[in-house]
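Q: I'd like to ask you about the structure that follows.
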Amino acid sequence: MFITSCRSLIIICMLIGVYGSDENCPLKCTCLALAEQIEVVCHHLDYSGVNIPHRTTHLKVKDTSNLRMSYLFSKNYDRVKILVLENVDFGAKWDIALNLFPHLESLHLIDVKSPGLKNLFMSTNVRNLMLQNLPEIKNHSLSSVISKLVHLLPSLETLGLVKNQLSIQENTSIQHMSHLQLLDLRHNAINSLMQIRNIKNWFSIQEIDLRNNKIGAVPLNDLYSLNFIEINSQSVNAKISLAHNFFVCGCDLEYFQHWLKATKLVKDLNEIRCVSKLDRRYVVHSEPLIESLLCPSGEIEMATVGVNGVGSISSSMAALTAVFILLSIIAIGVLFFHFETLSNAFRRIHAIYRDSQYNQTMQSAS
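6 is the number of the first residue of the sequence shown in the numbering used here; add one for each residue after it.
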């Protein structure tokens with residue numbers, strides 16, 4: 006019984022493939038094997054570069070200083086598809102050549118300090134890129150960052166630019182990324198959809214994540230453009246995420262509220278809130294924006310925009326318009342009545358004058 010249990014445990018360990026300090030796994034690294042794939046995570050301060058298991062498809066190196074990627078290269082890196090570098094400092098030299106990863110598909114650079122990115126993207130196979138909290142692109146404009154990536158990695162399908170304090174510049178456009186499907190812009194300094202609306206011509210786009218930015222106002226032109234994304238996208242399920250922004254509650258936001266209720270484009274509809282100023286600070290409403298009362302009772306509602314971007318008139322405005330039309334009809338009726346009265350009076354005066362002239366003519370003849 007004991008021998009059978011031991012054999013079972015050995016088989017399970019072989020199937021799961023937890024290597025620990027096994028000779029097949031680098032020192033201070035953890036290797037996890039599942040089926041034909043092996044995930045390797047190396048976590049220490051001075052990773053000098055050692056061979057990894059030959060079936061490695063996922064490689065993650067974190068918390069490393071003075072990293073030299075050239076030291077990492079070995080015959081076993083040709084199967085790596087996902088490379089993650091987190092909290093890595095390359096020192097004064099950017100020594101990396103991704104073309105030595107022939108099957109690399111996804112690259113994640115998180116809190117990476119490096120002299121430059123221009124020598125990084127030498128592998129045209131990269132389809133998924135995450136650049137998170139990178140000093141080199143921090144506080145830049147969204148259009149400038151994307152314009153660089155368009156030339157370096159024209160075949161990108163997924164692009165993450167998270168926590169880089171990217172902003173929007175006026176009168177600038179975003180270059181076309183013909184294959185991009187997902188654009189992740191969470192935790193940036195974007196305060197409008199001015200440039201995002203240029204993405205309406207990106208027919209491949211399927212999802213845009215704008216959560217945790219500083220978007221406050223949403224002009225009608227921006228909503229028109231968002232509708233075009235929904236219409237033009239090759240995906241019938243194109244989505245955009247807008248939660249945790251800075252939508253200020255008020256009548257000016259009412260057309261945006263109506264648009265949210267009508268569109269199918271918004272992914273996180275029930276998570277979008279508006280904020281109100283209270284005692285020199287802003288308070289987030291507990292209820293979703295689509296359920297908030299934006300205009301106090303008695304105020305005239307603003308024009309709203311429907312899912313197709315066509316302006317419509319709110320119920321209060323329609324009622325006022327009906328009253329105006331009714332009053333206009335009454336006024337016209339009154340004027341018409343007075344016009345008829347005046348016309349009859351003029352006709353009578355004219356008849357009296359004509360009779361007087363006739364009588365004078367007859368008297369003169371006699």
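For each residue, glycine too, the CB sits at the ideal point set by N, CA and C.
Can you list, in chain order, the residues of its chain with a C-beta nearer than 7 angstroms to that of Q174? Leave out the 5 residues immediately preceding and following it.
A: Your numbering for residue 174 matches position 169 in the sequence shown. Excluding residues within five positions, the ones whose Cβ falls inside 7 angstroms are S146, S148.
Q: Please tell me whether Q209 and H184 are closer than 7 angstroms, where the distance is taken between their beta carbons.
A: Working through the sequence shown from its first residue, we reach residue 209 at position 204. Working through the sequence shown from its first residue, we reach residue 184 at position 179. One point to set straight first is that residue 209 is Ser, not Gln, in the sequence displayed. Cβ atoms of S209 and H184: closer than 7 angstroms.
Q: Look at Q170 and N144 and say whether their C-beta atoms are less than 7 angstroms apart.
A: Here residue 170 is taken as the residue at index 165 of the sequence shown, counted from 1. Here residue 144 is taken as the residue at index 139 of the sequence shown, counted from 1. The answer is yes: Cβ separation under 7 angstroms.
Q: In the segment 226-275, which residue ranges form an unbroken alpha helix (DSSP H) of at least 4 residues, counting only runs that do not cross its ends?
A: 259-267
Q: With a floor of 3 residues, list each beta strand (DSSP E) that falls wholly inside the segment 142-182, ordered by position along the chain.
A: 163-165
Q: Taking L134 as the reference, which of L294, V289, L114 has the closest Cα?
A: The count along the sequence shown starts at 1 and reaches residue 134 at position 129. Cα-wise, what sits closest to L134 is L114.
Q: For a quick check, are the C-beta atoms of E259 and L299 less than 7 angstroms apart?
A: For the purposes of this step, residue 259 is identified with residue 254 of the sequence shown, where counting begins at 1. For the purposes of this step, residue 299 is identified with residue 294 of the sequence shown, where counting begins at 1. Yes, these two residues count as a Cβ contact at 7 angstroms.
Q: Grouping DSSP H, G and I as helix and E and B as strand, with all else coil, what is R60?
A: Residue mapping note: residue 60 aligns to position 55 of the sequence shown, counting from 1. The three-state secondary structure of R60, taken from DSSP, is coil.
Q: Within the same chain, show all residues whose beta-carbon is closer than 7 angstroms to that of V46, passing over the 5 residues directly before and after it, in chain order.
A: As a first step, residue 46 is located in the sequence shown; it is residue number 41 there, counting from the start. Cβ neighbours of V46 within its own chain (closer than 7 angstroms, five residues either side excluded): C34, T35, K65.
Q: Is it buried or exposed, C254, if we count other Cβ atoms within 10 angstroms and call 16 or more buried?
A: Locating residue 254 in the sequence shown gives position 249, where the first residue counts as 1. Classification for C254: buried.
Q: To which residues of the same chain is Y287 closer than 6 angstroms at the C-beta, ignoring the five residues directly before and after it?
A: What you label residue 287 is simply residue 282 of the sequence shown in a count that begins at 1. Closer than 6 angstroms at the Cβ level, and outside the excluded window around Y287, lie V280.
Q: Tell me whether D387 is buried or exposed, calling it buried when 16 or more other Cβ atoms sit within 10 Å of its Cβ.
A: Coverage of the chain is limited to positions 6 through 371, which leaves residue 387 absent and any answer about it impossible.
Q: With a 10 Å radius around its C-beta and 16 neighbouring C-beta atoms as the bar for buried, classify E41 as buried or exposed.
A: Against the sequence shown, residue 41 aligns to sequence position 36. Looking at its Cβ environment, which holds fewer than 16 other Cβ atoms inside 10 Å, E41 is exposed.
Q: To which residues does DSSP link S281 through a beta bridge?
A: Along the sequence shown, one-based indexing puts residue 281 at 276. S281 is bridged to V288.
Q: Just how far apart, CA to CA, sit T326 and L166?
A: Here residue 326 corresponds to residue number 321 of the sequence shown, with the count starting at 1. Here residue 166 corresponds to residue number 161 of the sequence shown, with the count starting at 1. Straight-line Cα distance between these residues: approximately 48 angstroms.
Q: For L247, I'd like the list of residues in its chain whose CB is within less than 8 angstroms of its CB, leaving aside the five on either flank, ordered along the chain.
A: For this step, residue 247 is matched to residue 242 along the sequence shown. Same-chain partners within the cutoff: L215, R216, I220, V271, D273, I277.
Q: From what residue to what residue does the beta strand (DSSP E) around V117 run?
A: Sequence index remark: in the sequence shown, residue 117 carries index 112 (1-based). Where V117 is concerned, there is no enclosing beta strand (DSSP E), given that its DSSP letter is neither H nor E.
Q: Can you give the Cα-Cα distance for C256 and K244, rounded to whole angstroms?
A: Here the question's residue 256 lines up with position 251 in the sequence shown. Here the question's residue 244 lines up with position 239 in the sequence shown. The alpha-carbon atoms of C256 and K244 are separated by roughly 26 angstroms.
Q: Tell me whether the beta-carbon of N130 lies closer than 7 angstroms to the beta-carbon of L109.
A: Translated into positions along the sequence shown, residue 130 becomes position 125. Translated into positions along the sequence shown, residue 109 becomes position 104. In contact: N130 and L109 (Cβ atoms closer than 7 angstroms).
Q: Could you tell me the distance, in whole angstroms, from the CA atom of N29 to the CA atom of H63?
A: Counting from one through the sequence shown, the residue named residue 29 turns up at place 24. Counting from one through the sequence shown, the residue named residue 63 turns up at place 58. Straight-line Cα distance between these residues: approximately 15 angstroms.
Q: What residue does the beta strand (DSSP E) around E212 start on, and which one ends it?
A: If you number the sequence shown from 1, residue 212 lands on position 207. Element bounds for E212: 212-214.
Q: Using three-state DSSP, classify V93 as helix, strand or coil.
A: Position 88 of the sequence shown, counted from the first residue, corresponds to residue 93. It is a strand residue.
Q: Candidates H249, K282, L231, N242: which alpha carbon is nearest W264's?
A: Residue numbering aside, residue 264 sits at position 259 when the sequence shown is read from its first letter. W264 has its Cα closest to that of L231, out of H249, K282, L231, N242.
Q: Mind checking whether K118 and D94 have CB atoms under 7 angstroms apart?
A: Here the question's residue 118 lines up with position 113 in the sequence shown. Here the question's residue 94 lines up with position 89 in the sequence shown. For the pair K118 and D94, the CB atoms are nearer than the 7 angstroms cut-off.
Q: For N218 versus N250, is the C-beta distance shorter than 7 angstroms?
A: Numbered from 1 along the sequence shown, position 213 holds the residue referred to as residue 218. Numbered from 1 along the sequence shown, position 245 holds the residue referred to as residue 250. Yes, Cβ-Cβ distance for N218 and N250 is below 7 angstroms.
Q: Could you tell me how far apart the beta carbons of F106 and L88 are, in whole angstroms, since I believe they sit closer than 8 angstroms?
A: The count along the sequence shown starts at 1 and reaches residue 106 at position 101. The count along the sequence shown starts at 1 and reaches residue 88 at position 83. So it is a contact: roughly 7 angstroms between Cβ atoms.
Q: Find out if the Cβ-Cβ distance for the pair K266, I234 is shorter than 7 angstroms.
A: By one-based count along the sequence shown, residue 266 stands at place 261. By one-based count along the sequence shown, residue 234 stands at place 229. No, they are not a contact pair.
Q: How long is the line joining the alpha carbons of I337 and V328, rounded to whole angstroms?
A: Here the question's residue 337 lines up with position 332 in the sequence shown. Here the question's residue 328 lines up with position 323 in the sequence shown. Straight-line Cα distance between these residues: approximately 14 angstroms.
Q: Skipping 5 residues on each side, what residues in its chain have a beta carbon closer than 8 angstroms to that of V155?
A: Position 150 of the sequence shown, counting from 1, holds the residue named residue 155. Contacts found: Q180, H181, M182.
Q: Determine whether the beta carbon atoms of P31 and I43 lie at a separation below 7 angstroms.
A: Your numbering for residue 31 matches position 26 in the sequence shown. Your numbering for residue 43 matches position 38 in the sequence shown. The answer is no: Cβ separation not under 7 angstroms.
Q: Within its chain, find whatever has a CB closer than 8 angstroms to the CB of L190; leave out the 5 residues flanking it on each side and keep chain order.
A: On the sequence shown, position 185 is the one that residue 190 refers to. These residues qualify, in order along the chain: L147, L166, V167, L171, I213, D214, L215, N218.
Q: For the beta strand (DSSP E) that I43 lies in, which residues bound it at each end?
A: Stepping through the sequence shown from its first residue, residue 43 is reached at position 38. 42-48 is the span of the beta strand (DSSP E), which, as asked, contains I43.
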